[in-house]
Structure formats: C-alpha cells, structure tokens
Amino acid sequence: MATRNLDRETIVSALKRLFEHLCERGIVGEICLLGGAVMVLSFKARPATKDVDAIFSPSGTIRELAFALGIELGLPENWLNDGAKGFLSSNHEVAAGDLPQFDHLRVTAPTAEYMLAMKCMAAGIATGAGEPDDTADIGFLMQHLNVKTVERALEVIARYYPDSSVPVRTRFLLEDLLGGPP
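Under my numbering, think of the first position of the sequence shown as 1156, with each following residue one higher.
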C-alpha cells in the first residue's frame, strides 16, 4: 500500500473508531500520543504525519484493533505504533489538553517542554520523503516555549534526561538553530 499521510481529521476518526471497538468489548484504553501526531493534534504545527507514534494500554488489544482499523480505513500498515517509546523519559509528563477524549479511550500527549526534550533527543535530521524532520518540530517548539538560547534548551532537556545521555548531534543541532554554543 502506498504511504498515506495522516491529517488531523484522519487521526481523530481513527481514534474514534478505536474507541468504538474498545467500547464494544467493554475495555477502557489509554493512549499517549508521541512524535508527529502531537505536532498535528496538540500544536497544529503541521498538517499531517506519516504515522501515529504512541504508547498504549492494553497494548495487545489496541495493537490488534489498530491493525484491523488500518485495513478498514485504508491506513498505512503500522499507522499506530510504539516505535518512539525508546525516547520516553522516566520523568514522563503528559496532559490531555484539547485532545479528543472518549468514554473508553483516554488520550494524552507530552507537555510542550517534554515534547521538545524528546524531539531533541531523537534529533532525526533526515526522514522519509514527505515527512518533516525533527528540526522543523524542534524549531516550532522552541518558538512556542520562547526558548532562545542553547543553554535554555539544554535546561529543558535536563528536566527529562541526564546530561550524559544528550547526543552530541543534539548539541550541534541546537547550536545551528539558536546561533552558537551555550
């Protein structure tokens, strides 16, 4: 199947169908959106994303339902995945904000500060065709949070990740975006 970008309407519709299936089974689920889906739904920073990175529970049930929904709605095979969970911090900070909520599906996303820290840690400079790289998202989040110096950006990251784990490429990226070393 050809890659299909997921816009706000598509993501919300898919989450609504996921809720309906959970409701039919009498299951209450939780999903914490990550990555591009947060940039689309929470921050409205871009029109679409290639997939919905998330952590979710109950994971087996939601994974099974997501696969079936992908077929039903013509979504990419791994439209809902947990591929970004490696960037989670032990200081996991989330909020529901203005995300859609359903009786049987609680939806959350990282706070803006946590999202900036995760994006900086991922610092994926090159991505697939048609998908904005992390640089655009980092720039948007820094503007949203009024982060104007490398030092301030590193302070935000330090709230979630130890300094020793911050990749050198992240520091260089911040210097490029903010104009110089800390």
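C-beta atoms are modelled at their ideal positions from N, C-alpha and C, and glycine is treated no differently.
Just so you know, these numbers come straight off a predicted model, no measurement behind them.
With distances taken between CA atoms, residue 1206 lies nearest to 1191 out of 1313, 1246, 1191. DSSP, reduced to helix, strand and coil, places residue 1198 outside both helices and strands of the structure shown, so it counts as coil. The C-beta distance from residue 1314 to residue 1246 rounds to 6 Å, short enough to fall under 8 Å. Secondary structure remark: continuous beta strand (DSSP E) runs of at least 3 residues inside the region 1196–1247, in chain order: 1207–1212. Annotation: residue 1294 is outside any beta strand (DSSP E); the continuous alpha helix (DSSP H) that includes it extends over 1289–1300. Counting along the chain, residue 1261 sits inside the beta strand (DSSP E) bounded by residues 1260–1265. Contact check for residue 1260 against residue 1184 passes: the beta carbons are separated by less than 8 Å. Between the region 1263–1281 and the region 1318–1334, the count of Cβ pairs shorter than 8 Å is three or higher; the stretches touch. In this structure, the straight-line span from the alpha carbon of residue 1242 to that of residue 1273 is close to 6 Å. Assignment of residue 1331 by DSSP, reduced to helix, strand and coil, places it in the helix class. Out of 1320, 1223, 1217, 1318, the CA that lies nearest to the CA of residue 1186 is found in 1217. Minimum Cα-Cα distance from residue 1335 among the listed residues 1308, 1227, 1319, 1264 corresponds to 1308. For residue 1161, the secondary structure class from DSSP, reduced to helix, strand or coil, is strand. 8 Å or more divides the Cβ of residue 1312 from the Cβ of residue 1302. Here residue 1312 carries a helix assignment [DSSP, helix/strand/coil].
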